[in-house]
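Working notes for the structure below.
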Amino acid sequence: MPSERLSRWLARSGVASRRGSDRLVAEGRVTVNGEAPPPNGCLIDPDRDLVAVDGRTVSAARSPRRYLALNKPPGVVSTVSDPGGRPTVMGLVQDPSGLFPVGRLDLDSRGLILLTDDGDLALRLTHPRYGLPKTYRITIQGPVSTSEFEHFQQGPVLEDGPTHPISVKIMRKSSRRTVLEVALAEGRPRELRRMCAEVGVRLIDLERVEIAGVRLGTQPEGTTRELSSSEVARLRAAAGMA
Numbered sequence: 001m002p003s004e005r006l007s008r009w010l011a012r013s014g015v016a017s018r019r020g021s022d023r024l025v026a027e028g029r030v031t032v033n034g035e036a037p038p039p040n041g042c043l044i045d046p047d048r049d050l051v052a053v054d055g056r057t058v059s060a061a062r063s064p065r066r067y068l069a070l071n072k073p074p075g076v077v078s079t080v081s082d083p084g085g086r087p088t089v090m091g092l093v094q095d096p097s098g099l100f101p102v103g104r105l106d107l108d109s110r111g112l113i114l115l116t117d118d119g120d121l122a123l124r125l126t127h128p129r130y131g132l133p134k135t136y137r138i139t140i141q142g143p144v145s146t147s148e149f150e151h152f153q154q155g156p157v158l159e160d161g162p163t164h165p166i167s168v169k170i171m172r173k174s175s176r177r178t179v180l181e182v183a184l185a186e187g188r189p190r191e192l193r194r195m196c197a198e199v200g201v202r203l204i205d206l207e208r209v210e211i212a213g214v215r216l217g218t219q220p221e222g223t224t225r226e227l228s229s230s231e232v233a234r235l236r237a238a239a240g241m242a
């Protein structure tokens, strides 16, 4: 078999995403034939070289790949593990072996997270180059004025640059609260929360309801489901892998 970059092979084998695999190598948790590779990785021959992570041998990628949708509750960390011992999304999966979350939702947010062992797809779904849309439903305390709504539509300017929402829609409004649906193609940390602060409105709930055409729908909070073949095809097409 031709040589392949170590981090790419780790991702393809379902160990972590491509970036996560790079971090594992840089942290010295990966060995090739019993020796630590350079921090920036190396080329391997998967047919001849023995790769281990944290002392455990990594097998070649299994088939078929797994693709899950999870409805994350608030208070759950969207990582594989947490040094502080907080509950993670992996604890909500019946068989988390080989899976990792694609992207993140902050601790207090809820909604759709994708889980997979397909490192190549995960990399593309999170890479800024592909700008895959994610849709959020946010609940704001009180009414939203015309000027505040227009500020959202135009894209508030944050400390790390202007924002570029794809769309902003009013879903429900009353004197007590307003529900907006906001679609973004960016993935900056806590972007929507910072947008609300910049506009000057109080955010009381944030839920992600769609990722690149895969919708959360009526899936109960804290549950997972397997993506349909058409949903997987939609994701792969959006990521340029069709």
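Counting from 1, position 30 in the sequence shown corresponds to residue 30 in my numbering; the numbering is continuous, with no gaps. Ideal Cβ positions, reconstructed from N, Cα and C, are used throughout, including at glycine.
**Euclidean distance between Cα positions of residue 117 and residue 203** = Our two residues, residue 117 and residue 203, have alpha carbons roughly 34 Å apart in a direct line.
**Asked** From residue 172 to residue 73, what does the alpha carbon distance come to, in whole angstroms?
**Response** Taking the straight line joining both Cα atoms gives about 22 Å.
**Request:** For residue 219, write down the residues that DSSP places opposite it in a beta bridge.
**Result:** According to DSSP, which records beta bridges pairwise, residue 219 is partnered with nothing at all.
**Request:** State yes or no: is the C-beta of residue 185 within less than 9 Å of the C-beta of residue 133?
**Result:** Contact flag set, yes.
**Asked** Taking the Cβ atom as the reference point for each residue, do residue 279 and residue 170 lie within a distance shorter than 9 Å?
**Response** With the chain covering 1 to 242 only, the question about residue 279 has no answer from this structure.
**Item:** The alpha helix (DSSP H) enclosing residue 153, as first and last residue numbers
**Value:** Residue 153 -> alpha helix (DSSP H) spans 146-154.
**Request:** Tell me where the alpha helix (DSSP H) around residue 205 begins and ends.
**Result:** Element bounds for residue 205: not the alpha helix (DSSP H) but the beta strand (DSSP E), 203-211.
**contact_flag[the region 148-167, the region 186-197] where n(CB pairs < 8 Å) is 3 or more** = Using a Cβ-Cβ distance cut-off of 8 Å, the region 148-167 and the region 186-197 are in contact, since at least three pairs of beta carbons, one from each stretch, lie closer than that value.
**For residue 36, the first and last residue of its enclosing beta strand (DSSP E)** = Per DSSP, residue 36 is not a residue of any beta strand (DSSP E), being assigned neither H nor E.
**Item:** For residue 85: DSSP bridge partner residues
**Value:** According to DSSP, residue 85 bridges with nothing at all.
**Message:** Count Cβ pairs between the region 21-36 and the region 78-85 that sit closer than 8 Å; are there 3 or more?
**Reply:** These segments do not touch.
**Prompt:** Mind checking whether residue 143 and residue 97 have CB atoms under 9 Å apart?
**Reply:** Using a Cβ distance threshold of 9 Å, residue 143 and residue 97 do not count as a contacting pair.
**Asked** With 16 other CB atoms within 10 Å as the buried threshold, where does residue 166 fall?
**Response** With fewer than 16 other Cβ atoms within 10 Å, it is exposed.
**Message:** DSSP three-state label for residue 251, please.
**Reply:** The first residue shown for the chain is 1 and the last is 242, placing residue 251 beyond what the model contains.
**Request:** Can you tell me which of 111, 139, 231, 147 puts its alpha carbon nearest to the alpha carbon of residue 243?
**Result:** Any question about residue 243 goes unanswered here, given that the chain covers just 1 to 242.
**DSSP three-state assignment for residue 59, whether helix, strand or coil** = Reduced to three states, the DSSP call for residue 59 is coil.
**Prompt:** Between residue 57 and the ligand SAH, is the CB less than 8 Å from at least one heavy atom?
**Reply:** Annotation note on the ligand SAH: not contained in the displayed structure, which lists no ligands.
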